[in-house]
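*Asks:*
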DNA sequence: TACAAATTTGTAATCGTTACAAAGTAGTAT
DNA sequence: ATACTACTTTGTAACGATTACAAATTTGTA
């Protein structure tokens, strides 16, 4: 908790209750949730929470570099709180998202063919280990 | 033109006029267009073309492996007709999408930590060469 | 010519996200 | 304390890409 407040202050974000709870959720649940999932999860505890607040907060956090937004071939954005660069694997059967290749070399801040890279996302899609084992035939 | 018909037949897709025109557009314009862009471009020539047809066609093409769909952090899907694996770089200033690192080693069909990879997408974001040169200060 | 299957079309609905303005909260100077 | 300002939160309405659906059209074939 104290930790979260420090993180927000370091990024010049006022540590309001809503912001603390949202970041806390993303620290605790590494499920790459959507804005709506976060809203649903917190709505019980914070009955007056607005979905707009969740969207605003996630936008602020992403802009300030607290969170990373993921674009994984869905019509929705997913978010994660992470420190080390890694790759995402999405199973097309069960829909689960896995963090893989933790040692992945990131091109962030490098220059590729004259372009300055600020973000580097690698998205794999396929059948996950779990679903491969379950194959019925 | 003949070429396009062959491509569709090989994939078991009936080469209707709409489908031919849509694939032709993607062969000619390597701009990673959205469904709407394709629709707008073809609407003059085909006044009764329906946007639903464009969506249906792009879905069919993607499922049959004629096209590749791109998820580049926008609330819209982009499409490309391509043969060699490559990486996409999207400029956050001008919005242009570049194909880079044509020699990129693809993990397609490989096994990563037990998961079977079917698609491998690499998305870079940053400031493109063009916009870097234009910096005013 | 007739019939069945595939394709196209237009409209309405869905759903994630954003715009906007009002209401609430906090900090600061008087 | 009070008033003023800036920031944050909230709820509703709007937006825009995409999909559902059923009718209309086209195609292939008996």
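Chains as they are written, first to last, in our numbering: chain A, 59 to 195; chain B, 59 to 195.
Note that CB positions come from ideal geometry on N, CA and C, so glycine has one too.
Please state the DSSP three-state secondary structure of residue 148 of chain A.
*Replies:* Three-state DSSP puts residue 148 of chain A in a strand.
*Asks:* Is there a C-beta anywhere in chain B that falls below 8 Å from the one on residue 108 of chain A?
*Replies:* Not closer than 8 Å to any Cβ of chain B, the Cβ of residue 108 of chain A fails to qualify, so no.
*Asks:* To the nearest whole angstrom, what separates the beta carbons of residue 67 of chain A and residue 123 of chain A, a pair I think is in contact under 8 Å?
*Replies:* No, residue 67 of chain A and residue 123 of chain A are not in contact; Cβ-Cβ is about 14 Å, not under 8 Å.
*Asks:* In whole angstroms, give me the CA-to-CA distance for residue 65 of chain B and residue 109 of chain B.
*Replies:* Going by the C-alpha atoms only, they are around 23 Å apart.
*Asks:* Taking the continuous beta strand (DSSP E) assigned at residue 181 of chain A, which residues delimit it?
*Replies:* Looking at the DSSP string, the run of the beta strand (DSSP E) that includes residue 181 of chain A is 173 to 185.
*Asks:* Between residue 178 of chain A and residue 157 of chain A, which are expected to be in contact by the criterion C-beta below 8 Å, what is the C-beta distance as a whole number of angstroms?
*Replies:* The Cβ separation is near 15 Å, so there is no contact.
*Asks:* Quick one: using the 10 Å Cβ neighbour count with 16 as the cut-off for buried, is residue 72 of chain A buried or exposed?
*Replies:* Flag for residue 72 of chain A reads exposed.
*Asks:* From this set, B:170, B:162 and B:132, which residue's C-alpha is nearest residue 160 of chain A's C-alpha?
*Replies:* Taking only the C-alpha atoms, the option nearest residue 160 of chain A is B:170.
*Asks:* Give the DSSP-derived three-state secondary structure of residue 158 of chain A in the structure shown.
*Replies:* Residue 158 of chain A: strand per DSSP, three-state reduction.
*Asks:* Can you confirm whether residue 183 of chain A, when its beta carbon is compared against all beta carbons of chain B, has any partner nearer than 8 Å?
*Replies:* Yes, because at least one Cβ of chain B sits closer than 8 Å to the Cβ of residue 183 of chain A.
*Asks:* Quick check on residue 91 of chain B: buried or exposed, where buried means 16 or more other Cβ atoms within 10 Å of its Cβ?
*Replies:* Result: buried.
*Asks:* Chain A beta carbons: is any one of them nearer than 8 Å to that of residue 174 of chain B?
*Replies:* Judged by the 8 Å Cβ criterion, residue 174 of chain B is in contact with chain A.
*Asks:* Could you give the residue range of the beta strand (DSSP E) that holds residue 126 of chain B?
*Replies:* Residues 126 to 128.
*Asks:* Got a sec? Which residues, its chain only, sit under 8 Å from residue 175 of chain B by beta carbon, not counting five neighbours each side?
*Replies:* Same-chain partners within the cutoff: 165, 166, 167, 168 and 169.
*Asks:* Quick check for students: name the residue ranges of the beta strand (DSSP E) that lie wholly in the region 76 to 147 of chain B, counting only runs of 3 or more.
*Replies:* Fully enclosed beta strand (DSSP E) runs of 3 or longer: 126 to 128 and 136 to 138.
*Asks:* Should residue 170 of chain B be flagged as near chain A, meaning a C-beta pair shorter than 8 Å?
*Replies:* By this cut-off, residue 170 of chain B is an interface position.
*Asks:* Which residues does DSSP pair with residue 170 of chain A in a beta bridge?
*Replies:* Note: residue 170 of chain A sits in a beta bridge opposite A:173.
*Asks:* Do residue 130 of chain B and residue 155 of chain B count as a contact pair if the criterion is CB distance below 8 Å?
*Replies:* Taking 8 Å as the Cβ cut-off, residue 155 of chain B and residue 130 of chain B qualify as a contacting pair.
*Asks:* How would you label residue 186 of chain A, buried or exposed, when you count the other beta carbons within 10 angstroms and need 16 or more for buried?
*Replies:* Buried, by the Cβ-count rule.
*Asks:* The region 80 to 112 of chain B: which residues have C-beta closer than 9 Å to a C-beta of chain A, in chain order?
*Replies:* Under the 9 Å Cβ criterion, the region 80 to 112 of chain B contributes no residue.
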